[in-house]
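Everything on this sheet refers to the single structure shown next.
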RNA sequence: GGGGACGUGGUGAAGCCUGGUUAUCACGCCGGUCUGUCACACCGGUGGCCGCGGGUUCAAAUCCCGUCGUCCCCGCCA
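Numbering (our numbering), first residue to last: -13 to 569.
Printed below as a string of C-alpha cells:
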C-alpha cells in the first residue's frame, strides 16, 4: 500500500481546516519544550506550522527524540488556537495536535541554522542548509517567477526557445574563454560560450525570425559582487526589425517581467544618448534617482586668474560639477578629492552657501566665479557645489560621475529605493585599446555601424543598453547582415582577412547565403532578479554560486583530476605554475 | 596583476593598537526544572593548540614576514 507522506503543506492550513485530520511533512525548525506540552515548528517550502505535542499523546515519546532540522511526518488534528495565542503569521490562527510523529530522517546538529547570521563562506559550503532560509527560498522563488513571466511574454509574442551548444569554438575579442580539452582531437579545445551571439545570428539566417533562450554564459575573468564565471542571460534575437522595434518590445518585456513580481516600472523608458549620459551623469549606466546632474561651469570660469583652473582652460579644458546639499567639510572634501585624483584630476573645488554667503577654502581666489554660479543656478542656503577642472572632458565626466555615485549611495539611500529605467543609445562603435594599440569593438564586432565611413572615433553603433537603477540590465544591437560591411569592420579592428576567415569563416559564409536584417539583446538575468530582490549580490539569487576566486565551496571545484584523465586528453600539467600544491 | 578589510569553541562577536591572569560575551549544544510557548523562561554544564608556517622576545591571539582562505574595489569583464 502507498504510504501517504503528506495531505497538506506547512503553508496552507487556516481555521477553515479546523477539525480536519491532516498529515504534514517537513523540517523541524524549532522545538519549544515547556516540560509537559511541546511545540514543534514544522517547516517546508510553503511555510511553517506549529505542531502541539501533549504528554498524553502517542506522539510524545517520539517527540522526545527529535532535534532541529530532523525531517519528520506529523499526523494530527487541525485546531483553531486559543484566542490569546493566535499570531498574525500566515498559519498563526491554527495548530496541529499531533497524534503520531514519524521520524523520516535524523539530522546532526548543523553548523548553522537556516537564516542564522553567519559568514557567506559557510553558507556556500552548506548551501542546502542556507537555501532552507526564508530569504534564500524567497529569492529562488522570485527567480522562478521572473523566468516564467519572461517565457510567458516571449511565447505570447511568437518567440521560439531554441538551445545552442555549450561546446563551441574559441573566439578572439571579448572575454577570456573557458576551454574544454577534446579527447577525440587531442591537443584541441572547445570553448564554453561567452554568449550565444553567433549562433543566434545563424538562427536568424536560418529563418527563425524570433528567438530566445535562457542561455548560460561563461567568461573566465576576475569576479565581482555582481559577476560570476557562469551566469544566465535571457538571450533574444529578431529579424526584419529596426532599432525602434526592439526598444519598444523589450521595454514592454522588462515591464511585464517586473510587474509579475509586483514592481511597476515607468510607462515609457527615457532614452539618453551615450554622450548625454556621459555629460549629465559621467557614466554609461546612469543612476538618476538622486538627481545631482553634472553641469558645465566652464563659462563661469573663463576669466579666472586662479592658476590651476586658468591653465586648464587655456588648453581647451572644462570646468564641471554638480549641486547637492550634503554636509561638507575640509575633511570630507579631501576624501572626495582622493576619488577624482585617481582619474588624474589635480583636485576638487567646493563651496557652500551659508548665511547667503559663499564659503570655501578657495573663496579668496574664486569667489567671483562662485558668485556667478550662485546667481545662475539660484543657489539657496545649504547648497554645496563640488566642481573640478580638467583638460580631458571624458575623464572629467567619469571622475565626477564616480564621485556623484558615491555621494548618492552615502546620502540618498531613501531615494535609492525607487525604480528608474532608461535606455542608453548611440554608443560609440569603437574604443581605443591602449594595450593592444588598436581599435576594438565597444559592443562586439558584429554590431551594425551607423556611419561606417566616418573617422573611426566618430562612428556610432546601432547599439543600446537598458539601465535599471544604475545597473546595466541588458544590451544589444542591430547586427551586420552584409558580408562586405562585416569584412570592413574586421579590418577596422585590425583583424586580418586570414584571421577573420579562420575565426569567423562560418559567419562570413552565412552572411553570403541569405542573411535577413536582424538584431537583438541579452539581459543579465541574475542581475534582473537581484535588483528585484533588493540584494546587491547576485550570489543571493543563484542556487549554487561560486566565490570571488571561482571556487565552488560546496563541491570543491575546480579540483585535481587523475593522471589517466590527463593522459587521455594529451595534457601535461606544468607543476611549477600550480597553486596549492599538495602532492 | 594591484589595493583594502577580515580570519579567535559549532556560530556571531570582544580582546590585538599599548605582548604577561584561567582568552570574555551572546547564540547553539548537553543536563535539570517547568503543561500555552512562539527568539519559551530559569538553573547548571560542555566546548578554543586564537587559519597555517616562520621570525622577534624571558614571554605572542596580540609585534614582524610569508602563506592560504573569504569579502570589497581597481585593472579585466566585446
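Cβ atoms here follow ideal geometry from the backbone N, Cα and C, with glycine treated the same way. Predicted model, so just to flag it, every value in this text is computed and none were measured.
- Less than 7 Å divides the Cβ of residue 56 from the Cβ of residue 14.
- Note on geometry: alpha-carbon atoms of residue 47 and residue 146 lie some 57 Å from one another.
- Secondary structure of residue 204 (DSSP, three-state): strand.
- The Cβ atoms of residue 462 and residue 386 do not sit closer than 7 Å to each other.
- Counting the other Cβ atoms within 10 Å of the Cβ of residue 406 gives 16 or more, which makes it buried.
- According to DSSP, residue 18 shares a beta bridge with 25.
- With a contact defined as Cβ atoms closer than 8 Å, residue 64 and residue 82 qualify at about 6 Å.
- If you draw a straight line from the Cα of residue 199 to the Cα of residue 157, it comes to about 21 Å.
- The continuous beta strand (DSSP E) containing residue 65 extends over residues 57 to 66.
- Residue 419 and residue 426 have their C-alpha atoms spaced approximately 6 Å apart.
- For residue 452, no alpha helix (DSSP H) run applies; the uninterrupted beta strand (DSSP E) run containing it begins and ends at 449 to 454, by DSSP.
- In this model, residue 557 and residue 501 are separated by some 40 Å (Cα to Cα).
- When only Cα atoms are considered, residue 355 and residue 448 end up about 41 Å apart.
- Taking 4 residues as the shortest admissible run, the region 370 to 437 contains the following complete alpha helix (DSSP H) segments, listed from N- to C-terminal end: 379 to 397.
- In its chain, beyond the 5 residues on either side, 159, 416, 424, 425, 426, 427 and 431 have a beta carbon closer than 8 Å to the beta carbon of residue 479.
- Closest option to residue 459, judged by alpha-carbon separation, among 103, 128, 11 and 239: 239.
- A direct Cα-Cα distance of roughly 40 Å separates residue 51 from residue 516.
- Our two residues, residue 299 and residue 289, have alpha carbons roughly 9 Å apart in a direct line.
- Per DSSP, the continuous beta strand (DSSP E) segment holding residue 38 begins and ends at 33 to 39.
- Nearest to residue 248 by C-alpha distance, out of 518, 535 and 544, is 518.
- Residues 309, 311, 338 and 339 of the same chain have their beta carbon placed closer than 7 Å to that of residue 369, with the five preceding and five following residues left out of the count.
- Counting only the Cα atoms, residue 165 lies some 33 Å from residue 232.
- Residue environment for residue 475: buried (at least 16 other C-beta atoms within 10 angstroms of its C-beta).
- Distance from residue 225 to residue 504 at the Cβ level is roughly 4 Å; contact confirmed, criterion being Cβ atoms closer than 8 Å.
- In the three-state reduction of the DSSP assignment, residue 487 falls in the helix class, which pools H, G and I.
- Per the coordinates, the alpha-carbon of residue 383 lies some 24 Å from the alpha-carbon of residue 212.
- A straight-line Cα-Cα distance of about 13 Å links residue 102 and residue 112.
- DSSP places residue 133 inside the alpha helix (DSSP H), whose first and last residues are 120 to 142.
- Scanning 464, 551 and 499 for the CA closest to the CA of residue 433 turns up 464.
- The bridge partners DSSP lists for residue 167 are 175.
- With 16 or more other Cβ atoms from the protein chains shown falling within 10 Å of its own Cβ, residue 507 counts as buried.
- For residue 48, the enclosing alpha helix (DSSP H) covers residues 46 to 51.
- The Cβ atoms of residue 97 and residue 119 lie no closer than 7 Å to each other.
- Annotated as distal: residue 10 and residue -12, with beta-carbon spacing of 7 Å or more.
- As computed with DSSP, residue 198 is found in a beta bridge with 147 and 222.
- Taken atom to atom, the span from the alpha-carbon of residue 323 to that of residue 376 is near 13 Å.
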